[in-house]
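Residue numbers (the working numbering): 169 to 423.
We put the CB at the ideal spot given by N, CA and C, even for glycine.
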């Protein structure tokens with residue numbers, strides 16, 4: 169299995185290809201801190217985004233990072249209106265990549281919204297959202313990354329500027345009242361049913377026709393998948409869901 173994105177083509181592609189390798193840290197190969205895969209760097213796990221890197225700025229793996237690059241580029245090439253947004257950013261890797269795509273294309277008119285509690289995941293509310301029962305991801309403090317650290321990560325790539333907007337707080341407290349949009353690209357990485365549904369409900373109506381929505385945990389977490397399917401059913405969304413890898417999926421809003 170290939171564990172490093174090959175750098176071919178234009179200067180833009182070379183830059184973004186190298187950036188993806190750095191974000192996933194397939195270059196210096198830091199070990200995993202995931203409870204199920206502690207220890208040395210395992211190339212296949214890192215490539216597929218199945219570990220929690222000790223140092224790398226993204227745990228999405230190469231294929232999901234490449235998907236962010238490809239869809240962000242399509243938004244630009246196809247002149248789909250709107251900014252980019254990710255809800256649930258961990259160390260900021262996917263948002264750093266979104267900003268890099270804008271920079272590589274000389275785009276100054278779009279922003280990247282970086283939305284997170286910056287304090288890990290919230291406890292589940294099984295009394296309200298039964299699908300989230302026993303999904304106790306709030307206990308994993310490895311998933312809690314401060315706003316200051318994420319800002320510092322952007323700065324290390326030279327990408328911390330006025331085109332980045334940080335939104336701090338739980339999704340249910342920030343997204344419904346978010347004064348932003350339209351969006352050309354939405355990426356949701358909230359794990360829980362509640363977090364996924366809240367994000368879709370608040371943001372999908374602001375997605376431009378032809379825009380894209382990415383769901384990071386669609387294949388990995390049944391609660392997340394249930395939230396997506398429930399929302400799509402409620403809103404009559406029939407756009408086919410495209411698979412990225414073992415967990416990530418996306419679809420395009422009809423024109």
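For residue i, the three-state DSSP class (helix, strand or coil)
| i | result |
| --- | --- |
| residue 254 | strand |
| residue 448 | Residue 448 lies beyond the range of the chain shown here (169 to 423); nothing can be said about it. |
| residue 221 | strand |
| residue 358 | coil |
| residue 226 | coil |
| residue 346 | coil |
| residue 272 | helix |
| residue 170 | Only weak support is given to the placement of residue 170: the predicted model assigns it a pLDDT of 43, under 50, and the value that follows is read from those uncertain coordinates. Coil. |
| residue 421 | coil |
C-beta neighbour in chain B for residue i, strict 9 angstroms
| i | result |
| --- | --- |
| residue 379 | Within the model displayed, chain B is absent; a lone protein chain is all it includes. |
Opposing strand residues paired with residue i [DSSP bridges]
| i | result |
| --- | --- |
| residue 333 | 281 |
| residue 209 | Its beta-bridge partners do not exist; DSSP assigns none. |
| residue 351 | 251 and 375 |
| residue 200 | 207 and 221 |
| residue 241 | Note: residue 241 sits in no beta bridge, so no partner. |
| residue 340 | Looking at the DSSP assignment, residue 340 forms no beta bridge with any residue, so it has no partner. |
CB-CB length for residue i against residue j, believed under 8 angstroms
| i | j | result |
| --- | --- | --- |
| residue 256 | residue 225 | Not quite, the Cβ-Cβ distance comes to about 14 angstroms (not below 8 angstroms), so this is no contact. |
Terminal residues of the alpha helix (DSSP H) in which residue i lies
| i | result |
| --- | --- |
| residue 416 | Looking at the DSSP string, residue 416 is not in any alpha helix (DSSP H), and its letter there is neither H nor E. |
| residue 322 | 315–324 |
| residue 179 | 179–192 |
Extent of the continuous beta strand (DSSP E) to which residue i belongs
| i | result |
| --- | --- |
| residue 378 | 375–383 |
Quiz item: Taking contact to mean at least 3 C-beta pairs separated by less than 8 angstroms, is the stretch 388–395 in contact with the stretch 361–372?
Solution: Yes, since at least three Cβ pairs between the stretch 388–395 and the stretch 361–372 fall closer than 8 angstroms, the two stretches touch.
Quiz item: Should the stretch 333–344 be regarded as contacting the stretch 218–235, the criterion being three or more beta carbon pairs within less than 8 angstroms?
Solution: The stretch 333–344 is not in contact with the stretch 218–235.
Practice problem: For the stretch 265–274 and the stretch 194–206, state whether three or more C-beta atom pairs, one from each stretch, are separated by less than 8 angstroms. | Solution: The stretch 194–206 and the stretch 265–274 do not touch, with fewer than three beta-carbon pairs separated by less than 8 angstroms.
Quiz item: Does the stretch 409–417 come within contact of the stretch 311–328, defined as at least 3 CB pairs closer than 8 angstroms?
Solution: The stretch 409–417 vs the stretch 311–328: no contact.
Quiz item: Between the stretch 293–305 and the stretch 232–249, do at least 3 Cβ pairs fall closer than 8 angstroms?
Solution: Too few Cβ pairs lie closer than 8 angstroms, so no.
Practice problem: Decide if the stretch 284–291 is in contact with the stretch 202–211; the criterion is three or more beta carbon pairs, one per stretch, under 8 angstroms apart. | Solution: No, because fewer than three Cβ pairs between the stretch 284–291 and the stretch 202–211 fall closer than 8 angstroms, the two stretches do not touch.
Quiz item: Can you find at least 3 beta carbon pairs, one from the stretch 369–379 and one from the stretch 240–249, that sit closer than 8 angstroms?
Solution: Contact between the stretch 369–379 and the stretch 240–249 is present, with at least three C-beta pairs closer than 8 angstroms.
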